[in-house]
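Q: All the letters of the sequence shown, read from the start, carry residue numbers -25 to -1, 1 to 264 under mature numbering (1 follows the signal peptide of the UniProt record, and there is no 0).
Backbone N, C-alpha and C define an ideal beta-carbon position, used for all residues, glycine too.
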Amino acid sequence: MTLSFATLGLLVTLTAVLLPQAASAQGISVLAVSHKSPFNCGKSFYANNWSPGHSPSGAIDWQNYGGDDINGETVRATASGTAYFNDAGSTSYGKWVEVRHSDGTSTRYAHLATMVRAAGGSMSVSQGTTIGTVGSTGGSTAPHLHYEQRTSTGAVDTSPTVDGVTVSLGEKKAITSTNTCGGNPYTPEEACGGGYTVIDSAALTGGRTYLLYNSGNGYNCVVTMKTTNLGSPSPVSAFLEPQGESRTTDSGSYGYYAGPVRRAASGQCVRWGGSVGTSSYTSPFEHCG
């Protein structure tokens, strides 16, 4: 049988559509998530994938390296997703967080001293969002971070890769974090809190101002995030004005962002904006209802 060019083109198109679906059905990751270290930019710790005897096999224990003390260290999401907060009490993981990623994989962070949400809570996170601090809760004998990368089937990856370094079973490698390097370590959602979603934003020289909304309580929230002079106090502001009401403003010399400014605005138009240095933005009354 001879196939026409039109038929051949249709077959090529169908193949392109079906192959990713077939790969997904076989548990093959089509869009692999790339993971950074779970620590602040420049921090170096040992990633210890010790074997045998570690449970579960393939999990990494992050431990002291050089002069860096890991106890109380900020723990950040290694990739974006949705974080779920848990507390196993004095057993097992203790305080722990699971981040579920867009490709169906997940990461787990255990033995935390603190979490940014109470157990049972959840929040959207970007790569680098703070989720807790290192501790020794649960079945831990000394401060460290228990870390797992799990496949879409739930199995632990026994050779996880972090910041471009693969740590196979039995290996112990020093890894220096590039997480949050060159960028603001906070997100608008993190600044406003759980339940808020970005609905608009405007660019500024040296930053960006964001308008968020929480459909659960009818509140808007405005934050202005810096992209320059990060960590160094400099003038930045954020404001929110429901139509017919007074304006609320947060301004000052801040290291990372201004706000959050939250106001009830269900069924109302709002004027919002902010500034970084001399660069400013003011919206018209919009986003009504």
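(1) Nearest-angstrom Cα distance between residue 180 and residue 213?
(2) Suppose the cutoff is 8 Å on Cβ atoms and the five residues either side in sequence are ignored; what does the same chain contact list for residue 153 look like?
(3) Go ahead and pull the three-state DSSP assignment for residue 149.
(4) Do residue 68 and residue 159 have their CB atoms nearer than 8 Å?
(5) Does DSSP put residue 244 in a helix, a strand or coil?
(6) Look up residue 164 in the DSSP assignment and say whether it is helix, strand or coil.
(7) Rounded to whole angstroms, what's the CA-CA distance from residue 46 to residue 85? Just pull it up for me.
(8) Pick helix, strand or coil for residue 124, following the three-state DSSP scheme.
(9) DSSP three-state call for residue 89: helix, strand or coil?
(10) Three-state secondary structure (DSSP) at residue 83?
(11) Once DSSP output is grouped into helix, strand and coil, what is the label at residue 144?
(12) Got a sec? Which residues, its chain only, sit under 8 Å from residue 151 by beta carbon, not counting five neighbours each side?
(13) Buried or exposed for residue 250, please, with buried defined as at least 16 other CB atoms from any protein chain shown within 10 angstroms of its CB.
(14) How should residue 208 be labelled, buried or exposed, when 16 other C-beta atoms within 10 angstroms of its C-beta is the threshold for buried?
(15) Within 10 Å of its beta-carbon, does residue 44 have 16 or more other beta-carbons around it, so buried, or fewer, so exposed?
(16) DSSP on residue 94, reduced to helix/strand/coil?
(17) Who are the near neighbours of residue 111 in its chain, counting only those whose CB is closer than 7 Å to its CB and skipping five residues on each side?
(18) Using 10 angstroms around the beta-carbon of residue 144, count the other beta-carbons present and answer buried if the total reaches 16, otherwise exposed.
(19) Which residues does DSSP list as the beta-bridge partners of residue 25?
(20) Which class does residue 250 belong to by DSSP, given the choice of helix, strand or coil?
(21) What are the boundary residues of the beta strand (DSSP E) that includes residue 106?
(22) Would residue 37 and residue 58 qualify as a contact pair, given that the criterion is a beta-carbon distance under 8 Å?
(23) Compute the beta-carbon to beta-carbon distance between residue 101 and residue 55, rounded to the nearest angstrom, for a pair I have assumed lies under 8 Å.
(24) Note down, one range per segment and in chain order, each beta strand (DSSP E) of at least 3 residues found wholly within the region 168 to 226.
(25) Return the chain-ordered list of same chain residues with a C-beta closer than 7 Å to the C-beta of residue 146, the five sequence neighbours on each side being excluded.
(26) Quick check on residue 106: buried or exposed, where buried means 16 or more other Cβ atoms within 10 Å of its Cβ?
(27) Taking DSSP's pairing of strands, which residues face residue 35 in a bridge?
(28) In whole angstroms, give me the CA-to-CA distance for residue 248 and residue 113.
A: Looking at the atomic coordinates:
(1) A direct Cα-Cα distance of roughly 14 Å separates residue 180 from residue 213.
(2) The answer, listed in chain order, is 11, 12, 16, 138.
(3) The answer is strand: DSSP assigns residue 149 an E or B state.
(4) Cβ distance not < 8 Å, so residue 68 and residue 159 don't count as in contact.
(5) DSSP, read as helix, strand or coil, puts residue 244 in coil.
(6) In this structure, DSSP gives residue 164 a helical state, which the three-state scheme calls helix.
(7) Distance between the alpha carbons of residue 46 and residue 85: 13 Å.
(8) In the structure shown, residue 124 sits in a strand (DSSP, three-state: E or B).
(9) In this structure, DSSP gives residue 89 an extended state, which the three-state scheme calls strand.
(10) Reduced to three states, the DSSP call for residue 83 is strand.
(11) DSSP, read as helix, strand or coil, puts residue 144 in coil.
(12) So the qualifying residues of the chain are 12, 17, 18, 19, 138.
(13) Sixteen is the threshold: when 16 or more other Cβ atoms of the shown chains lie within 10 Å of the Cβ of residue 250, as they do, the residue is buried.
(14) In summary, residue 208 is exposed, with fewer than 16 beta-carbon neighbours lying within 10 Å of its beta-carbon over all protein chains present.
(15) Label assigned to residue 44: exposed.
(16) Coil, per DSSP.
(17) Contacts found: 86, 117, 118.
(18) Exposed, by the Cβ-count rule.
(19) Residue 25 pairs with nothing; no bridge assigned.
(20) Shown here, residue 250 sits in a strand according to DSSP, grouped into three states.
(21) Annotation for residue 106: the continuous beta strand (DSSP E) segment containing it runs 105 to 109.
(22) No, the pair does not count as a contact, with Cβ atoms beyond the cut-off.
(23) 5 Å between Cβ atoms; contact.
(24) With a minimum length of 3 residues, the continuous beta strand (DSSP E) runs that stay inside the region 168 to 226 are 172 to 179, 182 to 189, 194 to 201, 209 to 217.
(25) 24.
(26) Residue environment: residue 106 is assigned as buried (16 or more neighbouring CB atoms within 10 Å of its CB, all protein chains considered).
(27) Answer by DSSP bridge pairing, in chain order: 122.
(28) Distance from the CA of residue 248 to the CA of residue 113, rounded to the nearest whole angstrom, comes to 44 Å.
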